[in-house]
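> Here you go, one structure.
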Amino acid sequence: MGSGASRRRREQVQQRPIFPRLSLPHASIKSQYDVVVVGSGYGASIAASRCARAGQSVCVLERGKEWLPGDFPETLSDASKHVQIKFGGKEKKFGEPSNLYEFIVTDDLTVVQGCGLGGGSLINANAALDAEPEVFQDP
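Its first residue numbered 185, the sequence shown is counted upward by one per residue in the working numbering.
Below, the structure is given as structure tokens:
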């Protein structure tokens, strides 16, 4: 990367908005909840939201870390450092179990899923349009 590209990248990082973390430390988990949701992908996040809006105490459990905008790998080389592969179900493994891109490869099936807060939606993060401000208005 040339000096011009490096300068543009630094400017982009400096202009990046600050997003609050959604996850909490393990120590903050209570001994009891009305609802425990395992996973935080598209379906699980909606279920958790609806339960919380109905007044239920909700705990969302997810494997992996919370990825904020700007944390995602931007090159194939960087992405390859965040891969986990399970061959034949769970017999042979490659990579850390909390890496972002999870591949499960069997003789009959190959599954690709995201690992972290957001579940499968994480692996779509680099293929999104900027949302209009109205999208974030919660009625």
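For glycine and all other residues, C-beta sits at the position ideal for the given N, C-alpha and C.
By alpha-carbon positions, which one of 261, 236 and 248 ends up nearest to residue 207?
Here the closest residue by C-alpha is 248.
> For residue 258 versus residue 301, is the C-beta spacing smaller than 9 Å?
No, the Cβ-Cβ distance between residue 258 and residue 301 is not below 9 Å.
> Going by DSSP, what residue range makes up the alpha helix (DSSP H) through residue 260?
Note, residue 260: alpha helix (DSSP H), 260-264.
> Which of helix, strand or coil does DSSP assign to residue 245?
Residue 245 falls in the strand class under three-state DSSP.
> Taking only three categories from DSSP, how would you classify residue 203?
In this structure, residue 203 counts as coil in the three-state DSSP scheme.
> Quick check: the Cα distance between residue 287 and residue 303, rounded to an integer number of angstroms?
Looking at the two C-alpha atoms, the distance is approximately 13 Å.
> In whole angstroms, what separates the C-alpha of residue 241 from that of residue 223?
Between residue 241 and residue 223, the C-alpha separation is close to 16 Å.
> Using a 10 Å radius around the Cβ and a threshold of 16 neighbouring Cβ atoms, would you call residue 298 buried or exposed?
Answer is buried; the Cβ neighbour count reaches 16.
> Leaving out five residues before and five after residue 244 in sequence, what residues of the same chain have Cβ atoms less than 6 Å from its Cβ?
Here the set comprises 221, 224 and 232.
> Using only the alpha-carbon positions, how far apart do residue 269 and residue 210 sit?
Cα to Cα, residue 269 sits roughly 26 Å from residue 210.
> Does the Cβ-Cβ distance between residue 272 and residue 291 come in under 9 Å?
Contact: yes.
> How is the alpha helix (DSSP H) around residue 226 delimited, first residue to last?
From DSSP, the alpha helix (DSSP H) with residue 226 extends over 226-237.
> Does residue 306 pass the burial test, meaning 16 or more other C-beta atoms within 10 Å, or should it be called exposed?
By the 10 Å Cβ count, residue 306 comes out buried.
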